[in-house]
Amino acid sequence: MRAHLKTAQHYSHCFALKIDQLPTKNSDRIALRILYPGMLFGLLLAALGVFDLFSAYLPDEKSALSFSQQGVDTWFSPIFFDLVIFAVGIGIVFKLFAGYLCYRKIFFDGTNITIVDRAFGGKKTTYKEKLENYEGVQLRIEFFQFGFWNRNRYIIELRHKNLHKVAPLYISMNGRNIRKIWKDYAKKLNLPAIVFKNGDITKIDIEDLDKPLQTLAKEGKISNTFDINSPLPKETVLVRKRDKKVIKVSHVIWDAYNIILLAFLFMLWCGLFAFILSGRICPVSGFILGAVLLWLTTLHFRRDKIAVKKDKLVIVHKFPLRNFKNDELFKKDIEAIEVTENPATGRSFLSIYSNSKMVIFGKKLPLQDLQWVRAFLINDIIK
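Here this note's numbering is used: the first residue of the sequence shown is -1, the next is one more, and so on.
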């Protein structure tokens, strides 16, 4: 069954609808532990911009007035830097406050799902649907930008053709045990487990949910489609070593968001250098800010690779100066390897699941590369 990849909007980053005791309810909205620190940070950032901007007009010869006048005649103006800092701070506060005003309340009595949806303008709409009319329990991953960091949000939800009736069951920024939690919801609700594979809805029988790839292959429920003579895709490199094979992204892949963030970082670097040269910042503070900016800049040059060893897969983050082990999965525990589309960007990525964890590879790789990597890994695991 071919389906358009449309997804419902959820507000939470930490949510669980407990169905062991009925009736049950929970609210899907931004958490206060994210709202308060985020708004405080935004206000401090805006206040810093305002203070630094108006300090330029203090009648003090050593104040920022002399530097501001010089800055007008140079290629970089500190006033522009202050306005950018103020705008970013106000933008953070507004976005968080607007997000808190929106929420969805989920009610479940064992037979019916009721959703009270409150939009930004304050209007409330109620949707009610029988549990038996839902297609199944869907697991998906949503990427979102959290400042300079790309974060993953793991979502388990009741899928319905009407997006307003899609009900969240579990939302987390931690992928540990996510497949087990997904399977538990499907079993308790007696509904099919659903995933997307190349734009198609795939329903998994409950009795097959706990079987690893090696077992499914022996039962003839998955096929080996890898062609050993197929050429390597253009963005992927395969290195064969004595005790392992390494699959890695050939180069850093940029997108529009990375370019925008790098441009913003470049402005921050320019502002920092201007302040250091003018003496408006002490060497220690300059060193600390420089270290933070260097770290944030380095994040954009990360490449991922998979070390395929005899009995396990190791996911490694490769940076310009050093590699860091991210996670590992034993081959005997791997239950699924899927190419999944990210609805926010339209790009695909590779998800590798065991019962207790999942790892992601190739967030920006072309679809052809991901399909080749998937076939290569399945072949290596079940051969």
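Ideal Cβ placement from N, Cα and C applies to all residues, glycine included.
Under the DSSP assignment, I17 falls outside any beta strand (DSSP E); it carries neither an H nor an E label. Its chain contains I332, I379, I380 as the residues whose beta carbon lies nearer than 6 Å to that of L211, once the 5 sequence neighbours on both sides are disregarded; these appear in chain order. With respect to R157, I111 sits apart: the two C-beta atoms are not nearer than 8 Å. Close CB contacts of D26 within its chain, under the 8 Å cut and outside five residues either way in sequence, are with H8, Y9, S10, F13, Y101, R102, K103, I104, P166, I169 (chain order). Assignment of Y98 by DSSP, reduced to helix, strand and coil, places it in the helix class. Short of 8 Å from the beta carbon of L43, and not among the five residues preceding or following it, lie these beta carbons of its own chain, in chain order: I83, F84, V86, G87, I90. Sequence-distant partners of L236 (beyond 5 residues in either direction) whose C-beta falls short of 7 Å from its own C-beta, in its chain, are L230, K243, I245. Under the three-state reduction of DSSP output, V164 falls in the coil class, being neither helix nor strand. Annotation for A6: no alpha helix (DSSP H) segment contains it, and DSSP assigns it neither H nor E. With the rule of 3 Cβ pairs closer than 8 Å, the stretch 310 to 329 does not count as touching the stretch 261 to 274. If one requires a minimum length of 3 residues, the beta strand (DSSP E) runs lying completely within the stretch 242 to 306 are 243 to 247, 301 to 306, in chain order.
For D203, the secondary structure class from DSSP, reduced to helix, strand or coil, is coil.
In the DSSP secondary-structure assignment, E339 is bridged to S346. Within the same chain, and ignoring the five residues on either side of K122 in sequence, the residues whose Cβ sits closer than 8 Å to its Cβ are V114, D115, R116. Close CB contacts of L46 within its chain, under the 7 Å cut and outside five residues either way in sequence, are with I83 (chain order). Going by beta carbons, L189 and G134 fall inside the 8 Å limit. For the set H249, V48, P364, the Cα lying nearest the Cα of L81 is the one of V48. For N377, there is no enclosing beta strand (DSSP E); the residue is part of the alpha helix (DSSP H) that begins and ends at 365 to 380. DSSP places D115 within a strand segment (E or B) once states are collapsed to three. Only residues of its own chain outside the window of five on either side were considered, and among them D367 have a CB closer than 6 Å to the CB of T234, listed in chain order. The straight-line gap separating the alpha-carbon atoms of Q369 and L214 is approximately 19 Å. F39 sits in a helix when the DSSP states are folded into three classes. With a threshold of 16 other beta carbon atoms within 10 Å, V282 falls short and is exposed. Exclusion of the five residues before and after V250 leaves F299, R301 as the residues of its chain whose Cβ lies within less than 7 Å of its Cβ.
Looking at the DSSP output, M356 bridges to Y351. Taken in chain order, the complete beta strand (DSSP E) segments of 3 or more residues contained in the stretch 118 to 143 are 122 to 128.
Looking only at I77, L94, L187, E339, the smallest Cα-Cα distance to L129 is reached by L187.
In summary, I258 is exposed, with fewer than 16 beta-carbon neighbours lying within 10 Å of its beta-carbon over all protein chains present. In this structure, the CA atom of V164 is about 7 Å from the CA atom of E155. Between N175 and the set Q19, I153, K201, the nearest pair of CA atoms involves I153. A straight-line Cα-Cα distance of about 16 Å links L161 and F194.
If you check the CB distance, F106 and I17 come in under 8 Å.
Of the candidates T5, I304, L297, F285, the residue whose Cα lies closest to the Cα of I139 is T5. In the displayed model, T22 falls within a strand according to three-state DSSP. The beta-carbon separation of S349 and E336, rounded to 5 Å, stays under the 8 Å limit for a contact. Under the DSSP assignment, K316 falls in the beta strand (DSSP E) whose first and last residues are 310 to 316.
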